[in-house]
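These protein sequence lines are chains A and B, in that order. Residue 24 in my numbering sits at position 24 of the first sequence; the count goes up by one each step and never skips. Residue 1255 in my numbering sits at position 255 of the second sequence; the count goes up by one each step and never skips. Ideal placement from N, C-alpha and C gives every residue a C-beta, glycine not left out.
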Amino acid sequence: MLWRYEISGIDTITLYWGERIDTALARRVHCAAQALQTHLGERLLDVVPSYASIMLRYDLLQDDLASLLESVRHILSDLPENPLDHASELVELPVFYHPRVGPDLERIARHAGLSVDDVIALHAEQTYHVFAIGFAPGFAYLGEVSSRIAMPRLATPRPHVPAGSLGIADRQTAIYPLDSPGGWNLIGRTPVNMFDVNREPSSLLRVGQRVRFRPVEQDEYLALGGQLSTRQDQ
Amino acid sequence: MSTDGKGLRIIKPGFLTLLQDAGRSGVMHQGLACGGPMDRHAWAWANRLVGNPWNTTTLEISFGGLECVADVPLQICVTGARLPLALNGRPQPLWSTLQLNPGDCLTLGHPTSGVRSYLSVQGGFVLESGPGGSHATLVREGTGGLKGDGRPLQAGDCLPCRKTADQGAQRQIPDQWLPDYDAELVLDVILGAQVDRFPATSLDCFFRGLYRLTPQSDRMGARLSGPALAHNANQLISEGISLGAVQIPPDGQPIILLQDRQTIGGYPKLGAVTPRSLDALAQRMPGRDIRFRSIALYEAQLQETRFLGFFQSSAPFKGNPHTG
Chain A
1 MLWRYEISGI
11 DTITLYWGER
21 IDTALARRVH
31 CAAQALQTHL
41 GERLLDVVPS
51 YASIMLRYDL
61 LQDDLASLLE
71 SVRHILSDLP
81 ENPLDHASEL
91 VELPVFYHPR
101 VGPDLERIAR
111 HAGLSVDDVI
121 ALHAEQTYHV
131 FAIGFAPGFA
141 YLGEVSSRIA
151 MPRLATPRPH
161 VPAGSLGIAD
171 RQTAIYPLDS
181 PGGWNLIGRT
191 PVNMFDVNRE
201 PSSLLRVGQR
211 VRFRPVEQDE
221 YLALGGQLST
231 RQDQ
Chain B
1001 MSTDGKGLRI
1011 IKPGFLTLLQ
1021 DAGRSGVMHQ
1031 GLACGGPMDR
1041 HAWAWANRLV
1051 GNPWNTTTLE
1061 ISFGGLECVA
1071 DVPLQICVTG
1081 ARLPLALNGR
1091 PQPLWSTLQL
1101 NPGDCLTLGH
1111 PTSGVRSYLS
1121 VQGGFVLESG
1131 PGGSHATLVR
1141 EGTGGLKGDG
1151 RPLQAGDCLP
1161 CRKTADQGAQ
1171 RQIPDQWLPD
1181 YDAELVLDVI
1191 LGAQVDRFPA
1201 TSLDCFFRGL
1211 YRLTPQSDRM
1221 GARLSGPALA
1231 HNANQLISEG
1241 ISLGAVQIPP
1251 DGQPIILLQD
1261 RQTIGGYPKL
1271 GAVTPRSLDA
1281 LAQRMPGRDI
1291 RFRSIALYEA
1301 QLQETRFLGF
1311 FQSSAPFKGN
1321 PHTG
């Protein structure tokens, strides 16, 4: 696996594998992040994988860059070129896809020249890869969404998006873990708690996992603890 | 060990008062920010003077205005911004230990120099740990702090303090070690990240230019205004963001990413300001002028390990860790 590194700060380097959003590449990055965490976890203060890179923060009082890089090179030289897909954990999340909790469903359908049911079917038939976590605690960037229902972010973000809302931005999809502002196109909501600071780990999703969405009817959504409140500003 | 939940009671919180320890480690991959004191120098001295180990939680008071009452005997210390400090109305020194008896009222006025004050209590506060085992308060996330919900301290909050056996003699740091928060500020930058995407003219502009700290700055980032910087990178694929990263958004105006920054982002970065320079930056009011200079990684690391080594060692007052 070809990689390079850059200095990102006084105690931080970033390893790069490429510059594109690509599931196969992301899988390689994830495999490397796991190996680094396993072998160097004790030495590293933070390991932050993303689409095509991993940021490493080390302890200046215990470590130096040269010996850290030596260890990193050694660990990464042993990794397979193309890690297998089924090696990563599959998480299934129930979603109530409905205009009542997905105020942008109908707009996406019009934009795509499809029915709302087609949009839901295209979104739910895909298995997604967790590319990155960021923006907010537990906010997982999933890809890739079918190009037929890809949709740019809203020009003006909503000041309030309820927790659990499922959205699309270009060819990525994500669930808002907490009530927050947001500019993604909302298509449904999950009753699952994506982030709980009193849980270990707090974030339900991790980079490298695979995710599938299971469409549920309103009754099941409510039985699972889902809310219909529409505090979001339209 | 604890004092039946008693300790320090907040009467007026001031503009923004937060609990801060050294910050979180090992949780960025969950999207959780690091937090921690904006000025580690004043924060570390506040702990050192009352005999607390590194990483003990203190109050971080921005722009003064705090009023609090001791419900138990406490040894405390206030460092950082120059402001009027009073105990039951009588003026008291900063950067010096103070003895509070039950019922004593401590007030911080407004800064005449600097921005942030640190109030330490000998033995520290008795608090539930948040993410990464830290007590850092992350307001934007709604995590950490007194109740774990990220809220700043407010009137009526009571901070339980650990009972300490011996409060010890008065300690203070000599005047010549006190930092000057009005001095001209030149920030050290370690070049890196996407620096190769910036044309030489752009870097020249960055290191020769005069920038101003804008009022839009907060614990997430220091937003600057000055000569706009061009680069050859469009939006990048999001990657981890390090402390001090100098990020250039499409308008070309640099943002220095600070303790409460988001964990990943996609704007090009030309390098990172050193933590020691960030300490100094944290004490500058908006409107202050800022310049940059380039520093070698190894020089910056030496500076940082000396600083950490001094404050994380157990023997107090071994030498001056280069104040300022």
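Enclosing alpha helix (DSSP H) for residue i [first to last residue]
i         : result
A:Asp219  : Gln218 to Ala223
B:Thr1380 : Within the shown structure, residues of chain B are numbered from 1001 to 1324, placing residue 1380 of chain B beyond reach of any answer.
A:Cys31   : Thr23 to Leu40
A:Ala163  : Where A:Ala163 is concerned, there is no enclosing alpha helix (DSSP H), given that its DSSP letter is neither H nor E.
Sub-8 angstroms separation of residue i and residue j beta-carbons
i         : j         : result
A:His123  : A:Ile21   : no
A:His239  : A:Ile13   : Chain A is shown only over 1 to 234; residue 239 of chain A falls outside these bounds and no answer can be derived.
A:Leu224  : A:Gly138  : no
A:Pro201  : A:Gly164  : no
B:Thr1017 : B:Trp1045 : no
B:Ile1241 : B:Gln1259 : no
B:Val1052 : B:Gln1122 : The amino acid occupying residue 1052 of chain B in the given sequence is Asn; Val does not appear at that position. Yes; because the gap between Cβ atoms is below 8 angstroms, this pair is in contact.
A:His160  : A:Pro181  : yes
B:Val1050 : B:Ser1120 : yes
B:Asn1232 : B:Pro1199 : yes
A:Ile120  : A:Met151  : no
A:Ser53   : A:Leu15   : yes
B:Gly1065 : B:Ala1081 : no
A:Val197  : B:Gly1130 : yes
Proximity to residue i [Cα-Cα], best of the options
i         : options                                       : result
B:Ala1245 : A:Trp184, A:Ser8, A:Ile149 and A:Glu19        : A:Ser8
A:Pro157  : A:Ile168, A:Ile149 and A:Arg148               : A:Ile168
A:Leu36   : A:Leu69, A:Gly18 and A:Glu19                  : A:Leu69
B:Ala1183 : B:Ile1290, B:Phe1015 and B:Asp1175            : B:Ile1290
B:Met1038 : B:Pro1013, B:Gln1283, B:Pro1227 and B:Val1072 : B:Gln1283
B:Ala1086 : B:Ala1280, B:Asp1149 and B:Cys1068            : B:Cys1068
B:Val1126 : B:Leu1019, B:Gln1259, B:Ala1222 and B:Ile1237 : B:Leu1019
B:Gln1176 : B:Ala1233, B:Gly1142, B:Gly1051 and B:Trp1095 : B:Trp1095
B:Val946  : B:Leu1243, B:Met1285 and B:Pro1179            : This structure leaves residue 946 of chain B out entirely; chain B is present only between 1001 and 1324.
B:Leu1213 : B:Val1115, B:Gln1303, B:Thr1305 and B:Leu1236 : B:Val1115
B:Gly1026 : A:Arg206, A:Tyr51, A:Ile54 and A:Asp46        : A:Asp46
B:Asp1004 : B:Leu1191, B:Pro1174 and B:Leu1159            : B:Leu1159
B:Ile1190 : B:Gly1133, B:Ser1225, B:Pro1215 and B:Ile1256 : B:Ile1256
A:Ser77   : A:Met55, A:Arg28 and A:Arg210                 : A:Arg28
B:Thr1057 : B:Arg1171, B:Pro1073 and B:Gly1035            : B:Gly1035
B:Leu1203 : B:Arg1293, B:Ile1173 and B:Arg1219            : B:Arg1293
Where residue i falls: helix, strand or coil (DSSP)
i         : result
B:Ile1295 : coil
B:Asn1232 : coil
A:Leu142  : strand
A:Met251  : Any question about residue 251 of chain A goes unanswered here, given that chain A covers just 1 to 234.
B:Pro1091 : strand
B:Met1028 : helix
B:Ala1044 : helix
B:Arg1276 : helix
A:Leu178  : coil
B:Arg1082 : strand
B:Pro1321 : With a pLDDT of 45 at B:Pro1321, under the threshold of 50, the modelled position of that residue is not reliable, and the figure given next carries that caveat. Three-state DSSP puts B:Pro1321 in coil, outside helix and strand.
A:Asp233  : Caution is warranted here: a pLDDT of 42 is assigned to A:Asp233, below 50, making its placement in the model unreliable, and the coordinate value is therefore given only provisionally. In this structure, A:Asp233 counts as coil in the three-state DSSP scheme.
A:Ser50   : coil
A:Val72   : helix
B:Gly1132 : helix
A:Ala66   : helix
A:Ser88   : coil
A:Leu132  : A small fix is needed here, since residue 132 of chain A is Ala in this sequence, not Leu. If DSSP states are grouped into helix, strand and coil, A:Ala132 belongs with the strands.
B:Gly1309 : helix
Near the ligand ZN: residue i beta-carbon under 7 angstroms from a heavy atom
i         : result
B:Ser1117 : Of ligands this structure carries none, so the ligand ZN is not represented either.
N-terminal and C-terminal residue of the beta strand (DSSP E) that residue i is part of
i         : result
A:Ile120  : Note, A:Ile120: premise wrong, no beta strand (DSSP E); alpha helix (DSSP H) at Val116 to Ala124.
A:Leu15   : Thr12 to Tyr16
B:Ala1070 : Glu1067 to Ala1070
A:Leu186  : Asn185 to Arg189
B:Ile1190 : Leu1185 to Leu1191
Self-check item: Where the stretch 1238-1265 of chain B meets chain A: residues whose CB sits under 9 angstroms from a CB there
Solution: Ser1238, Glu1239, Gly1240, Ile1241, Ser1242, Leu1243, Gly1244, Ala1245, Gln1262, Thr1263, Ile1264 and Gly1265
Practice problem: Compile a chain-ordered list of the residues in the stretch 1284-1298 of chain B whose CB is closer than 8 angstroms to at least one CB of chain A. | Solution: Leu1297
Exercise. Compile a chain-ordered list of the residues in the stretch 1047-1063 of chain B whose CB is closer than 7 angstroms to at least one CB of chain A.
Key: none
Exercise. Scan the stretch 1121-1135 of chain B for residues whose Cβ lies nearer than 8 angstroms to a Cβ of chain A and list them as they occur along the chain.
Key: Flagged, chain order: Gly1130 and Pro1131.
Practice problem: Output, in sequence order along the chain, the residues in the stretch 1015-1048 of chain B whose CB is closer than 7 angstroms to any CB in chain A. | Solution: Ser1025, Gly1026, Met1028, His1029, Gln1030, Gly1031 and Leu1032
Quiz item: Between the stretch 134-147 of chain A and chain B, which residues of the former have CB atoms less than 9 angstroms from a CB of the latter, in chain order?
Solution: Gly134, Phe135, Ala136, Pro137, Gly138, Phe139, Ala140 and Tyr141
Practice problem: Mind checking the stretch 1194-1216 of chain B against chain A and listing, in chain order, the residues whose C-beta falls within less than 7 angstroms of any C-beta there? | Solution: none
Quiz item: For the stretch 1171-1194 of chain B, which residues have a beta carbon sitting closer than 7 angstroms to at least one beta carbon of chain A?
Solution: Ile1190, Gly1192 and Ala1193
Quiz item: At a Cβ cut of 7 angstroms, what residues of the stretch 2-17 of chain A count as close to chain B, listed as they run along the chain?
Solution: Taking 7 angstroms as the Cβ-Cβ cut-off against chain B, the residues of the stretch 2-17 of chain A that qualify are Glu6, Ile7, Ser8, Gly9, Ile10, Thr12 and Thr14.
Quiz item: Taking a cut of 7 angstroms between CB atoms, which residues from the stretch 1265-1280 of chain B lie near chain A?
Solution: Ala1272, Thr1274 and Pro1275
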